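Undergrad: Numbering (UniProt numbering), first residue to last: 1 to 353. Ideal placement from N, C-alpha and C gives every residue a C-beta, glycine not left out. It should be emphasised that the depicted structure is a prediction, and the values quoted were computed from it without experimental measurement.
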């Protein structure tokens, strides 16, 4: 059995192992070998990692596996990987965790609908994946009106100038994931959502899972000529500034929602008129007025928004197995019901006043 894990911004780790019978299930690891394009000193530490994993239960958690490897690396220098990466690769070898290559992804381009419906779709599609009625999916958003979308745990009054939002015709909407607020006008940002099984991020910390799930888009931005990089915890940036912010929600059934919003051509004056946090950030930088557009994707690529989305989609399809998907009538219906019962209600929007 073999499992691999590519460390975000790091190296590839490969683990090969067998499972032999022990007293009762599930068996024990044997003949474990660790390899990869990482750097390690001294050489003996490579064999020591395999030896440390041998004899462990095939049902060992990622934390237990990592602890064993960490002991083997105690006096070694490891560059480009760590004990956690070896543990994830081991879990994949044992079939407890999956890799991108194990899945076929639906790619969906929805028509322009209300931001409320887009936020509701995120909950519906994540739940449908968790219930086994939908496969892993990448969805690109389109919306037909302006909105301020705040994180699940943000204070409405502390984050949003409600009067400013009303002046610009931007409805305030609360999503199910954490993270910060974003101001979205039609055509000024690029938003996408990934709906994946928990097995894809098995053993990864929240921080590492952000980098892992955003790795494809950073590669796509490089192909567009943008020197993009992951910035912990959940940002993508270039030397010219922040490009995108991501957020996640993990449901009890194991499904994971990971979505990101990328600045294409944003009106910074409007943004600071509706987002209080935007004013604080500008104040911290000694800037009295934005008086400009935030346009990293437009200015750095010279491409229209649709062309950028096409390039992102093409890059994702080139990396992974994909099919063209769609939102089913039932899913649209469930999203509409959630708008009425949850996302469009003052109770949900102001649940953190």
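For residue 5 and residue 314, what's the separation of their Cα atoms in angstroms?
TA: Spanning the two alpha carbons is a distance of roughly 23 Å.
Undergrad: Give me the DSSP bridge partner(s) of residue 140.
TA: According to DSSP, residue 140 bridges with 109 and 192.
Undergrad: Since residue 200 and residue 138 should fall inside the 8 Å C-beta cutoff, what is the C-beta to C-beta distance between them, to a whole number of angstroms?
TA: Going by Cβ atoms, the distance from residue 200 to residue 138 rounds to 13 Å, so no, they are not a contact pair.
Undergrad: Look up residue 197 in the DSSP assignment and say whether it is helix, strand or coil.
TA: In the structure shown, residue 197 sits in a strand (DSSP, three-state: E or B).
Undergrad: With distance defined between alpha-carbon atoms, name the residue in 48, 38, 41 and 94 nearest to residue 26.
TA: Checking every option, the nearest Cα to that of residue 26 belongs to 94.
Undergrad: Counting only the same chain and skipping the five closest in sequence on each side, list residues whose C-beta sits under 6 Å from that of residue 283.
TA: Annotation note: pLDDT 45 at residue 283 (below 50); position unreliable, coordinate value reported separately. Contacts found: none.
Undergrad: Hey, residue 255 and residue 169 are a contact pair by Cβ (cut 8 Å); roughly how many whole angstroms apart?
TA: Contact flag wrong, Cβ pair sits at about 34 Å.
Undergrad: Just reading off the beta strand (DSSP E) that residue 28 is part of, what are its end residues?
TA: Note, residue 28: beta strand (DSSP E), 28-36.
Undergrad: What is the DSSP secondary structure of residue 177, counted as helix, strand or coil?
TA: If DSSP states are grouped into helix, strand and coil, residue 177 belongs with coil.
Undergrad: From the DSSP secondary-structure annotation, give me the bridge partner or partners of residue 242.
TA: 237, per the DSSP bridge assignment.
Undergrad: When we look at the beta-carbon of residue 240 and count the other beta-carbons within 10 Å, is it buried (16 or more) or exposed?
TA: Residue 240 should be labelled exposed.
Undergrad: Report the option in 38, 89, 43 and 51 whose CA atom is closest to the CA atom of residue 32.
TA: Ranking the options by Cα distance to residue 32, first place goes to 51.
Undergrad: Decide yes or no for the touch test of the region 173-188 against the region 144-159: beta carbon pairs closer than 8 Å, at least 3 of them.
TA: A contact exists between the region 173-188 and the region 144-159.
Undergrad: What do you get for residue 350, buried or exposed, if any count of 16 or more other CB atoms within 10 angstroms of its CB means buried?
TA: Exposed, because fewer than 16 other Cβ atoms sit within 10 Å of the Cβ of residue 350.
Undergrad: When the Cα of residue 154 is compared with those of 345, 182, 165 and 190, which residue comes out closest?
TA: The option with the nearest alpha carbon to residue 154 is 182.
Undergrad: Would a C-beta distance cut-off of 7 Å place residue 354 and residue 335 closer than the cut-off?
TA: Here the chain covers residues 1 to 353 and nothing more, so residue 354 does not appear.
Undergrad: For residue 158, count neighbouring Cβ atoms within 10 angstroms of its own Cβ and tell me buried if that reaches 16, exposed if not.
TA: Exposed, by the Cβ-count rule.
Undergrad: By Cβ distance, which residues of its chain are closer than 7 Å to residue 83, with the 5 residues on each side in sequence left out?
TA: The answer, listed in chain order, is 66, 69, 70 and 73.
Undergrad: Go ahead and pull the three-state DSSP assignment for residue 344.
TA: Three-state DSSP puts residue 344 in coil, outside helix and strand.
Undergrad: Which of the three DSSP states is assigned to residue 135 in this structure?
TA: Looking at residue 135 - three-state DSSP - the assignment turns out to be coil, as it is neither helix nor strand.
Undergrad: Between which two residues does the beta strand (DSSP E) containing residue 326 stretch?
TA: Neither: residue 326 is in no beta strand (DSSP E) and is coded neither H nor E.
Undergrad: Please specify which runs of the alpha helix (DSSP H), each continuous and at least 4 residues long, are wholly inside the region 196-232, giving them in chain order.
TA: Entirely contained in the region 196-232, the alpha helix (DSSP H) runs reaching 4 residues are, in chain order, 206-223.
Undergrad: How about residue 149 and residue 173: are their beta carbons less than 7 Å apart?
TA: Contact flag set, yes.
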